[in-house]
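Residue numbers (this note's numbering): 18 to 247. Note that beta-carbon positions come from the ideal geometry of N, C-alpha and C, so glycine has one too. Structure, as structure tokens:
Okay, structure coming up:
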């Protein structure tokens with residue numbers, strides 16, 4: 018039977034003590050774990066560590082290590098700058114982007130964005146659960162909301178940076194030309210980027226790319242583009 022994986026933000030030694038109430042409640046109430054059951058823990062350091070539960074209550078779990086294997090951590094750094102869209106759709110993108118190996122998600126406030134109704138803690142939880150499920154050995158970073166101008170100021174010269182637009186070059190033409198290990202991708206809101214925002218991208222020489230001739234929803238465009246850059 019496949020063991021469930023759980024992310025923890027603590028060192029993983031021969032013995033670990035879990036005091037995270039949320040995790041313990043999940044283990045007891047959802048998975049109904051008891052003494053001698055096994056789980057896999059990871060903390061982003063590159064290993065999946067299998068443990069046997071020696072003791073578990075709602076206050077504390079004591080686990081003993083059985084085995085330790087290298088976990089998969091993406092080597093390419095992909096940063097997704099996603100304009101604020103409807104809350105449910107943004108959360109959906111966070112889940113799928115995590116599965117598609119994105120390293121950082123930066124919510125961007127653009128002129129045509131939805132209201133700022135994101136819950137950062139919930140987004141982190143969604144990304145964590147997606148990492149646990151898909152098998153990657155780390156959890157992508159969820160940044161605070163930035164204005165487009167502030168987001169552009171975070172760019173580095175050694176990054177390959179792209180903005181998704183209908184009039185851009187086909188994305189397939191850019192994939193073979195990437196020279197950097199870091200890719201930054203800007204995806205706009207449902208109404209598209211404003212004229213002023215398009216000028217900002219142009220002035221910074223950011224490459225405009227397209228996914229084809231049809232108008233895609235922001236969440237569809239995000240998933241399609243990330244899958245191609247993966």
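About 7 Å separates the beta carbons of residue 117 and residue 240, which is inside the 8 Å limit, making them a contact pair.
Looking only at 205, 209, 217, 184, the smallest Cα-Cα distance to residue 230 is reached by 184. Under the 8 Å Cβ criterion, the stretch 161–172 does not count as touching the stretch 140–149, having fewer than three qualifying pairs.
Among the bridge pairs identified by DSSP, residue 224 is matched with 179. Setting aside the 5 residues that flank it on each side, residue 189 has no residue in the same chain whose C-beta is closer than 7 Å to its C-beta. Residue pairing for residue 51: DSSP places it in no beta bridge. In the DSSP assignment, residue 117 falls outside any alpha helix (DSSP H) and carries neither an H nor an E. Setting aside the 5 residues that flank it on each side, residue 42 is surrounded in the same chain by 75, each with a C-beta closer than 7 Å to its C-beta; the list follows chain order. In this structure, residue 97 lies away from residue 58, with their beta-carbon atoms at least 9 Å apart. The residues 241, in chain order, have a CB closer than 8 Å to that of residue 233 in the same chain once the five nearest residues on each side in sequence are set aside. Residue 202: member of the beta strand (DSSP E) spanning 199–204, first to last residue. Here residue 100 is bridged, per DSSP, to 125.
The way I'd put it, the stretch 65–80 does touch the stretch 22–37; three or more beta-carbon pairs between them come closer than 8 Å. Non-local beta-carbon contacts of residue 53 in its own chain, meaning distances under 7 Å to residues more than five positions away in sequence, involve 69, 70 in chain order. The beta-carbon separation of residue 101 and residue 110, rounded to 11 Å, does not stay under the 8 Å limit for a contact.
Taking a 10 Å sphere around the C-beta of residue 139, we find fewer than 16 other C-beta atoms and assign the residue as exposed. One Cα belongs to residue 85, the other to residue 114, and the distance between them is close to 27 Å.
With a cutoff of 9 Å on beta-carbon distance, residue 154 and residue 50 are scored as not near each other. Listed as beta-bridge partners of residue 150 by DSSP are no residues whatsoever.
Residue 81 sits in a strand when the DSSP states are folded into three classes. Spatial neighbours of residue 179 in its own chain (CB-CB distance under 6 Å, excluding positions within 5 residues in sequence) are listed in chain order as 202, 224, 226. In the three-state reduction of the DSSP assignment, residue 90 falls in the coil class, being assigned neither a helical nor a strand state.
From the listed residues 186, 220, 135, 95, the smallest Cα separation to residue 158 is found for 95. With respect to the 9 Å criterion, residue 24 and residue 61 are classified as neighbours on the basis of their beta carbons.
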